[in-house]
Amino acid sequence: MIETATENIMLSEEQKAIVFHNNGEGPLLAIAAAGSGKTRILTERARYLLTTKPGNFGVLCLTFTNKAAEEMQERLKNVRNITNRAFIGTIHAFALEVLATRRHLIGFGKMPQIIDRENDRKKIIEEAVWENVLLRNLYEAKTPKEKTQFLDTCAEIISELKRNLVIFDLSTGTPEGMEAESYELYTSYNARLREQYLIDFDDILLLTWQIFNENPFAVEHFRRLYRYILVDEAQDLNYAQYNLLRTLCGDTHRNVFMVGDPNQSVHGYAGADKKFMCTEFLQDFGATKMQVAKNYRSSQAVIDFAQRIVPNGVNSNAHYLGEAQVLAFPNESTEADWVISKIRFFLEKGRDEQIEGDITLENMVVLARNKFVFRILQSKLEQNSDFAGHFFLKKGTESLDMESRLMKLFDLGTRILTNPLNQIHFRQLCSLLSVEPATSPLRLTGFDKLSSLKKLLLEDERVRSEFDLLLETWNLIAQRNEKLPQALNTLNEYTKNAAYPEEEKAFILWDIEDYRNTWKQYCANYAAGNISLSSFRQFAALGFGIQQKNKGLTLATVHTVKGLEFDIVFVIGMNQGTFPDYRADNEKKLEEEKNAAYVAFTRACRYLFVTYPQRKMMPWGEEKRQSPSLFIKDINIINA
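Per our numbering, the very first residue in the sequence shown carries number 12; after that it's consecutive.
Right, dumping it as structure tokens:
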């Protein structure tokens with residue numbers, strides 16, 4: 012039976028012990044070190060359950076990134092009827108599915124639209140502040156810089172309240188012990204969202220928890236549907252996510268499997284805390300705890316290096332020796348020059364006994380604590396004919412975000428077609444068109460609302476021509492959502508023949524291709540009868556379907572590469588104040604910085620090069636001496 016469940020899958024003895032523990036029944040926590048095969052363990056446990064357990068049941072596989080979910084789906088695609096028997100996706104994607112089908116239980120007649128850009132959320136916060144007398148008085152007294160900081164603080168207060176699953180009874184007023192300003196901010200902001208039929212990302216979890224918490228019959232349906240729940244990267248759970256799972260499970264559902272590594276907990280800024288996996292899950296569910304510490308990814312040199320950061324965090328009987336070094340350079344310029352020369356060295360070498368296949372730019376990554384560390388390296392890469400156009404800075408979050416003016420207008424229009432009450436994006440559309448938004452009847456359709464802008468346009472031939480084109484495409488989609496590809500074809504043909512500057516034309520065509528690819532992937536994931544512009548916008552808001560245009564050498568901040576691996580890894584800017592970040596002013600923050608360094612180093616399969624500049628030019632023009640990061644100061648440093 013076990014051989015059938017794991018056909019053609021190679022598992023170590025310690026991996027097998029976890030996959031088949033207690034025949035897949037009961038609560039289980041697997042502490043799995045970097046490179047130990049966390050995702051493989053989870054997917055093989057899911058395979059085992061789906062191929063050996065009798066009965067008609069579903070499996071809920073939850074993770075934190077679309078990429079990890081896609082990897083799980085790929086590994087399990089050969090399991091019979093997998094798409095009907097398993098939900099494999101992020102916690103937000105699962106919550107959104109619940110919200111889409113049970114929204115009426117909390118007063119939504121149709122699915123609200125998701126605010127998927129932080130700048131849009133900040134604008135709504137600013138409007139909420141301006142419309143509230145108490146908050147407006149605080150806001151008006153500030154300088155422009157203080158106003159920006161004030162809005163940032165407001166955004167964090169709102170997110171923290173939602174991550175803590177706070178729902179106020181408005182009839183009782185300000186809760187005891189809470190500042191009036193925070194209460195007014197939270198209620199005013201949520202009111203602004205509700206009147207425009209909008210929700211933000213934090214609402215996806217909060218409202219789903221509310222549905223489960225207030226409607227026992229609704230949560231019971233999902234409890235029966237998913238007999239087994241499996242959670243990947245469980246060290247990244249925050250209060251809202253963990254309590255959503257607890258509410259889903261109630262007092263009876265105990266077939267929950269979590270796998271994670273407390274040494275890779277790096278998302279504290281979003282409320283993540285390893286205690287939910289390491290302490291609360293064990294206590295609340297009575298879970299058994301098992302461990303797999305062997306790294307199957309990295310060379311011995313990389314493992315030895317990682318153990319200097321997190322002793323006993325990982326072990327190995329690696330087949331490859333590899334190489335790991337720490338190098339100091341006089342300044343950021345010489346540091347960047349060396350990284351480029353080392354990359355060229357590997358490319359010219361072509362093959363290496365430590366690496367399978369040819370060495371290409373895709374084998375390598377340059378990591379840093381934050382994106383500002385890349386500025387000199389990026390400049391040098393752009394000026395180098397061998398690398399210009401062959402590197403990219405990996406995005407932290409993926410979303411359908413248009414670069415060109417024409418496609419920004421098109422995209423904003425699709426949001427209005429979906430939700431005519433959406434004032435935030437309607438005003439953005441008007442601003443791009445340089446028109447003042449007129450007050451329109453509440454019952455106006457999205458297309459009629461867009462059409463009403465035509466009479467307000469300037470007497471500019473190009474603007475009017477573009478808007479007529481956009482109205483044609485919006486009308487196609489309004490008539491039938493499935494005509495969106497036809498609308499994109501219309502935009503594509505117009506752009507090819509229009510007298511746009513070459514660079515602008517290229518951006519428009521790239522944007523159209525992004526839109527088309529996202530639509531194709533959306534259609535591949537939804538049944539034909541369920542295709543709608545509204546669900547497409549939700550799909551895009553969660554970052555599905557977005558393909559970065561650039562290929563080649565990856566530059567990435569550490570937080571964007573969890574779960575990824577590369578044969579050759581460079582970690583630059585490893586100086587005190589940068590990595591760890593200067594804001595790590597307490598033990599918890601410093602531990603997260605150490606975990607982030609551990610994540611960075613363990614992305615390396617064979618070669619790891621950690622560098623730092625001994626002097627650094629500050630933004631205000633002063634050159635300052637730098638110390639090595641406390642994470643590497645006890646490791647032998649080579650002065651290059």
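All C-beta atoms in this analysis are idealised placements derived from N, C-alpha and C, irrespective of residue type, glycine included.
Note that this is a predicted model, so its numbers are computed, not measured.
Write down every uninterrupted run of the alpha helix (DSSP H) in the segment 592-624 whose length is 4 residues or greater and which is fully enclosed by it, in chain order.
598-612
Could you have a look at Glu190 and say whether DSSP puts it in helix, strand or coil?
The count along the sequence shown starts at 1 and reaches residue 190 at position 179. Glu190 falls in the coil class under three-state DSSP.
Report the option in Thr589, Ala97, Glu472, Ala139 whose CA atom is closest to the CA atom of Tyr608.
Locating residue 608 in the sequence shown gives position 597, counting from the first residue. Inspection of the sequence shows that residue 608 is occupied by Ala rather than by Tyr. Measuring from the Cα of Ala608, the nearest candidate turns out to be Thr589.
Spatial distance of Gln389 from Ala41 (CA atoms)
Numbered from 1 along the sequence shown, position 378 holds the residue referred to as residue 389. Numbered from 1 along the sequence shown, position 30 holds the residue referred to as residue 41. C-alpha separation (whole angstroms): 40 Å.
Does the segment 183-194 touch the segment 208-223, meaning 3 or more C-beta pairs lie closer than 8 Å?
no
Around the Cβ of Met83, are there at least 16 other Cβ atoms within 10 angstroms (buried) or fewer (exposed)?
Within the sequence shown, residue 83 is the residue found at index 72, counting from 1. Buried, since its Cβ has 16 or more Cβ neighbours within 10 Å.
Given this structure, state the Cα-to-Cα distance separating Lys600 from Gly279, to the nearest angstrom.
The count along the sequence shown starts at 1 and reaches residue 600 at position 589. The count along the sequence shown starts at 1 and reaches residue 279 at position 268. C-alpha separation (whole angstroms): 8 Å.
Going by DSSP, which residues form a beta bridge with Arg11?
The chain is shown only over 12 to 651; residue 11 falls outside these bounds and no answer can be derived.
For Phe4, the residue or residues it bridges with in DSSP
Because the chain here runs from 12 to 651, residue 4 falls outside it and cannot be looked at.
Need the endpoints of the beta strand (DSSP E) that Thr578 sits in, please.
Against the sequence shown, residue 578 aligns to sequence position 567. Before going on, a small fix: residue 578 reads as Asp here, not Thr. Taken as a continuous stretch (DSSP letters only), the beta strand (DSSP E) holding Asp578 covers 577-582.
What residue does the alpha helix (DSSP H) around Ile6 start on, and which one ends it?
Look at the range of the chain in this structure, 12 to 651, and you will see that residue 6 is not part of it.
What residue range is occupied by the uninterrupted beta strand (DSSP E) comprising Glu137?
Against the sequence shown, residue 137 aligns to sequence position 126. Premise fails: Glu137 lies in the alpha helix (DSSP H), 129-142, not in any beta strand (DSSP E).
Mind checking whether Ala335 and Ala312 have CB atoms under 9 Å apart?
Numbered from 1 along the sequence shown, position 324 holds the residue referred to as residue 335. Numbered from 1 along the sequence shown, position 301 holds the residue referred to as residue 312. It is a contact, given that the beta carbons lie within the stated cut-off.
Cα-Cα, which of Glu470, Gln434, Ala538 is closest to Glu206?
Stepping through the sequence shown from its first residue, residue 206 is reached at position 195. Comparing Cα-Cα distances from Glu206 to each of Glu470, Gln434, Ala538, the minimum goes to Gln434.
Mapping the DSSP letters down to three states, classify Ala16 as helix, strand or coil.
What you label residue 16 is simply residue 5 of the sequence shown in a count that begins at 1. Unreliable placement is indicated for Ala16, whose pLDDT of 45 sits below 50; the coordinate value is still reported in the next sentence. Residue state, collapsed to three classes: helix.
Rounded to whole angstroms, what is the Cα-Cα separation between Asn77 and Asp525?
For the purposes of this step, residue 77 is taken as residue 66 along the sequence shown, with counting starting at 1. For the purposes of this step, residue 525 is taken as residue 514 along the sequence shown, with counting starting at 1. Answer to the nearest angstrom: the Cα atoms are 17 Å apart.
Helix, strand or coil at Glu652 according to DSSP, with G and I counted as helix
With the chain covering 12 to 651 only, the question about residue 652 has no answer from this structure.
Here's the rule I'm using: 16 or more other beta-carbon atoms within 10 Å means buried, otherwise exposed. How should Trp530 be labelled?
Here the question's residue 530 lines up with position 519 in the sequence shown. Trp530 is buried by the Cβ-count criterion.
For the beta strand (DSSP E) containing Gly69, list its first residue and its last residue.
Indexing the sequence shown from 1 puts residue 69 at position 58. Start and end: 69-74.
Using DSSP bridges, identify the partner residues of Thr565.
Walking along the sequence shown from the start, residue 565 turns up at place 554. Per DSSP, Val376, Phe403.
Span of the alpha helix (DSSP H), counted from its first residue to its last, around Ala106
Counting from 1 along the sequence shown, the entry for residue 106 is found at position 95. That run of the alpha helix (DSSP H) goes 102-113.
Buried or exposed: where does Pro155 fall if 16 or more other Cβ atoms within 10 Å of its Cβ makes it buried?
Here residue 155 refers to the residue found at position 144 when the sequence shown is read from its first residue. Label assigned to Pro155: exposed.
Looking at C-alpha atoms only, which residue of Tyr505, Thr456, Asp412 is the closest neighbour of Leu480?
Here residue 480 refers to the residue found at position 469 when the sequence shown is read from its first residue. Checked all of Tyr505, Thr456, Asp412; the closest Cα to Leu480 is Tyr505.
Tell me which residue opens and which closes the alpha helix (DSSP H) that Lys360 is part of.
Position 349 of the sequence shown, counted from the first residue, corresponds to residue 360. 343-360 is the extent of the alpha helix (DSSP H) around Lys360.
Buried versus exposed, by CB contacts within 10 Å (16 or more), Pro322
Taking the sequence shown and counting its residues from 1, one reaches residue 322 at position 311. Its Cβ having fewer than 16 others within 10 Å, Pro322 is exposed.
CA-to-CA distance, Val350 to Lys560, given in whole angstroms
If you number the sequence shown from 1, residue 560 lands on position 549. If you number the sequence shown from 1, residue 350 lands on position 339. At Lys560, the pLDDT of 49 sits below 50, so the modelled position is not reliable and the matter cannot be decided from this model.
Nearest-angstrom Cα separation, counted from Met375 out to Arg308
As a working note, residue 308 is residue 297 in the sequence shown. As a working note, residue 375 is residue 364 in the sequence shown. Taking the straight line joining both Cα atoms gives about 15 Å.
Three-state secondary structure assigned by DSSP to Ile366:
Within the sequence shown, the letter at position 355 stands for residue 366. Three-state result, Ile366: strand.
Check for me: the alpha helix (DSSP H) holding Ala317 runs from which residue to which?
Within the sequence shown, residue 317 is the residue found at index 306, counting from 1. Run containing Ala317: 311-320, per the alpha helix (DSSP H) assignment.
Label Pro38 either buried or exposed according to how many other C-beta atoms from any shown protein chain fall within 10 Å of its C-beta, with 16 as the threshold for buried.
Walking along the sequence shown from the start, residue 38 turns up at place 27. Classification for Pro38: buried.
Extent of the continuous alpha helix (DSSP H) to which Ile649 belongs:
As a first step, residue 649 is located in the sequence shown; it is residue number 638 there, counting from the start. No alpha helix (DSSP H) contains Ile649, which is instead part of the beta strand (DSSP E) from 648-650.
Using C-beta distances below 7 Å, list every residue in its chain close to Tyr537, excluding the 5 sequence neighbours before and after it, in chain order.
The residue you call residue 537 lines up with position 526 of the sequence shown. Cβ within range, chain order: Ser546.
Straight-line CA distance for Ile387 to Val621?
In the sequence shown, residue 387 corresponds to position 376, counting from 1. In the sequence shown, residue 621 corresponds to position 610, counting from 1. For Ile387 and Val621, the distance between alpha carbons rounds to 17 Å.
If we count the other Cβ atoms within 10 Å of its Cβ and call it buried at 16 or more, is Ile13 buried or exposed?
Against the sequence shown, residue 13 aligns to sequence position 2. Caution is warranted here: a pLDDT of 38 is assigned to Ile13, below 50, making its placement in the model unreliable, and the coordinate value is therefore given only provisionally. Exposed is the call here.
Can you tell which of Gly271, Ile210, Ser310 has the C-alpha that lies nearest to the C-alpha of Met301?
The residue labelled residue 301 in the question sits at position 290 within the sequence shown. Nearest option by C-alpha distance: Gly271.
Among Phe98, Arg203, Met189, which has the Cα closest to the Cα of Val140?
Against the sequence shown, residue 140 aligns to sequence position 129. Of the listed residues, the one whose Cα sits closest to Val140 is Arg203.
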